[in-house]
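Numbering (mature numbering (1 follows the signal peptide of the UniProt record, and there is no 0)), first residue to last: -20 to -1, 1 to 747.
Shown next, in structure tokens, is the structure this report addresses.
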């Protein structure tokens, strides 16, 4: 028996054999202007095409060819790419091969090569390898399809009963020193996902997405709507789809350490974030919950009287009569137009209203949706997804285009158009025009079982004990296993289609209105939709986890990201958690709010406890965390507005090139500071808790209680010797990079450093 080390060397030998075989090829065998090649490998077909700049798209299937109607999250062709590559869309190719003779295709800086490797008993597998072409003409292996001896085929298929659906597991080579960034959002306190296996199943706070950047200088997208897994091992990265009819992935490259170019390539494939409305760049205020129109207007009046700026006020759930009404309860919200106009008059703020994807049979919409097939079903029964307050509910099937249209038609009539009617009256009678509600919070958009445990919904304690029951939903587009990852994306699409049609704007152009979603997927950034981190708990550990969660979301392409200031709900094991009357939670809230000032969107929300009221009515306003803390809280809201020019410039770059707003330290300092990559590899607190907000501001939230000073690592900046100084925001003291410093961090100050002048930051003149 060989040792683990010997086995590892043997496995890595498979990788080195690729390079050895490649050396026998010459430049005359490299195709540089091909539309792609089709590899016929026994029963299996593999299609490889140039894709955008410096990329390839690979599709594979056993036996039955794809229909062309498969769900895809990739643009075809990408937003950017060489003119010659524009022809390489659809299923086009101009070379056929069996792969026995090596074939090489080049697209800009990336090369794909077929190679053969003996497996056993003279059986030979044809595999793919991907290289980056360096400036000196040499080539660096990025990854290849991985198969250790006597193991599964690197492109492995297993049939799922009758029909043409199958499960697929594709394996790719890696090395122990590779780092993996992105993969959506998880509550794992990690920026480098190496060593993790991540389930591709949606639930509250967990938004796994098979898209990543590698420290080796390549980006990868597993273009599948199916549930499955992604595994990042020492020698193998593996992606699994549980039920599919086509395997589809894309790979691209950039110079090692050039993550901005990688993001540009990846977002050209999956979508670019549009420019958000200016008013979203300020302070967004919410709580669970404001219960009626009078409360919301009184809230706006209070912001006005206290001279505290606010950009959006939010109406949370149970503002309707029945779930699935998708309209406000007229007894509690009698005049939407008047309310929206009054809020704008007092504060200039917009209103956002919550909607859930669930439909109760008590709603007037239920019968129509049931008869027309607009509701998801279940393989095991009548389609009841959950219950709420004793009423059974079902899930709107947002994978059905007609269901999306039906949902939007109700939202438009009950919210959006409330101002249009009054505007018509204005034309006829000269009355003041009023506004409807045009921004929507698509809560619970995880799909399946709504991403929630069965709890607090009127069931017995036996049902409550099931944490996340298996979701076997049947959608218009397929089963939960085959298209479960599509659901949040399709739900965002429903709002995007409706808002774009209502405002007569094209996708990709600046947004007039926005949605807020608890989930997303590959390419969700193309919508006018903010993803937030979900229903988090109000404790210090959770605050720390949100930082790394946001950095991973950014690396996945989601520049529109936020979270709940203070956390959403009480941690039952911590007596003071979420209680606004306790000094412990007040301190946590202030620290959380300071950090949120330096996020793409600054959003306050939560379910609060207090000593005198129930959790549905306890306060969450900036002035309710103690007289001593109010000036600090308000000062950060004001700072947020002072930074609007800077934040707008960051969003402009995000929209134009995919350049990340929340920037993990490896983005800007991986090549200039030798410590950063090692810290990132180990997921040290420096790299999971510090980040750049745009190109100039280094943010280090305080994530522990009772702190008066904080240690910050200042990366070595460009130039190699750290001579470009860091300036502490609060004292103007300057420090050289490449060192840790301890700075004052009283409750009034979050540690923030900046590069360059403060005037340039405030003006937004930073690019």
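A virtual CB, placed ideally from N, CA and C, is assigned to each residue, including glycine.
Query: Supposed contact pair residue 106 and residue 21 - C-beta distance, whole angstroms, cut 8 Å; Result: 5 Å
Query: Simplified DSSP assignment, three categories, for residue 213; Result: coil
Query: Residue closest to residue 266, alpha-carbon to alpha-carbon, out of 291, 242, 245; Result: 291
Query: Whether residue 164 touches residue 536 by CB criterion (8 Å); Result: yes
Query: Cα-Cα separation, residue 732 to residue 324; Result: 33 Å
Query: Per-residue burial, residue 71 [other beta carbons within 10 Å of its own, 16 or more giving buried]; Result: exposed
Query: Host alpha helix (DSSP H) of residue 646 (start-end); Result: 645 to 649
Query: Closest Cα partner of residue 61 within the set 197, 295, 45, 36; Result: 36
Query: Per-residue burial, residue 40 [other beta carbons within 10 Å of its own, 16 or more giving buried]; Result: buried
Query: Continuous alpha helix (DSSP H) stretch holding residue 275: start and end; Result: 273 to 286
Query: Residue 150: first and last residue of the uninterrupted alpha helix (DSSP H) it sits in; Result: Run containing residue 150: none in the alpha helix (DSSP H); it sits in the beta strand (DSSP E), 146 to 153.
Query: At least three beta-carbon pairs within less than 8 Å, the segment 106 to 121 to the segment 201 to 215; Result: no
Query: Residues sharing a beta bridge with residue 601, DSSP; Result: DSSP output for residue 601 lists no bridge partner at all.
Query: Residues bridged to residue 123 [DSSP beta-bridge criterion]; Result: 110
Query: Sub-8 Å separation of residue 577 and residue 620 beta-carbons; Result: yes
Query: Beta bridge counterpart(s) of residue 683 as assigned by DSSP; Result: DSSP output for residue 683 lists no bridge partner at all.
Query: Where residue 831 falls: helix, strand or coil (DSSP); Result: The displayed coordinates of the chain run from -20 to 747. Any statement about residue 831 would go beyond what the structure contains.
Query: Contacts around residue 338, its chain only, beta-carbon distance under 8 Å, and the 5 residues preceding and following it disregarded; Result: 303, 304, 365, 366, 368, 373, 374, 375, 376, 424, 430
Query: 7 Å Cβ shell around residue 89 - same chain, five flanking residues per side excluded; Result: 34, 112, 113, 233
Query: Residues bridged to residue 24 (per DSSP); Result: 21, 42
Query: Opening and closing residue of the alpha helix (DSSP H) in which residue 507 lies; Result: Note, residue 507: premise wrong, no alpha helix (DSSP H); not H, not E.
Query: Exposure of residue 569, with buried meaning 16 or more beta-carbon neighbours within 10 Å; Result: buried
Query: Ordered list of beta strand (DSSP E) runs contained in the segment 335 to 411, each at least 3 residues; Result: 338 to 340, 366 to 368, 371 to 375
Query: Counted within 10 angstroms of its Cβ, other Cβ atoms place residue 30 as buried (16 or more) or exposed; Result: buried
Query: Cutoff 6 Å; reference residue 8; Cβ partners in own chain excluding five residues on either side; Result: The predicted model places residue 8 with a pLDDT of 47, which falls under 50 and marks its position as unreliable, so this point remains unresolved.
Query: Residue 321 (DSSP reduced to helix, strand or coil); Result: helix
Query: Residue burial classification, residue 139 (beta-carbon count within 10 angstroms, cutoff 16); Result: exposed
Query: Strand pairing of residue 330, partner residues [DSSP]; Result: 292
Query: Proximity of residue 651 and residue 531 at Cβ, strictly below 8 Å; Result: no
Query: Exposed unless 16 or more other CB atoms sit within 10 angstroms - verdict on residue 345; Result: buried
Query: Residue 110 and residue 134 closer than 8 Å at C-beta; Result: no
Query: Close Cβ partners of residue 410 (< 6 Å) along its chain, the five nearest in sequence each way excluded; Result: Per-residue confidence for residue 410 stands at a pLDDT of 36, beneath the threshold of 50, marking its modelled position as unreliable; the derived number appears in the next sentence. If we look at residue 410 and ignore the five residues flanking it on each side, it has no Cβ neighbours.
Query: Contact the segment 165 to 175 vs the segment 514 to 525: 3+ CB pairs below 8 Å; Result: yes
Query: Alpha-carbon spacing of residue 371 relative to residue 288, whole angstroms; Result: 41 Å
Query: Nearest to residue 739 (by Cα), restricted to the options 378, 624, 631; Result: 624
Query: Buried or exposed (CB count within 10 angstroms, at least 16 for buried), residue 132; Result: exposed
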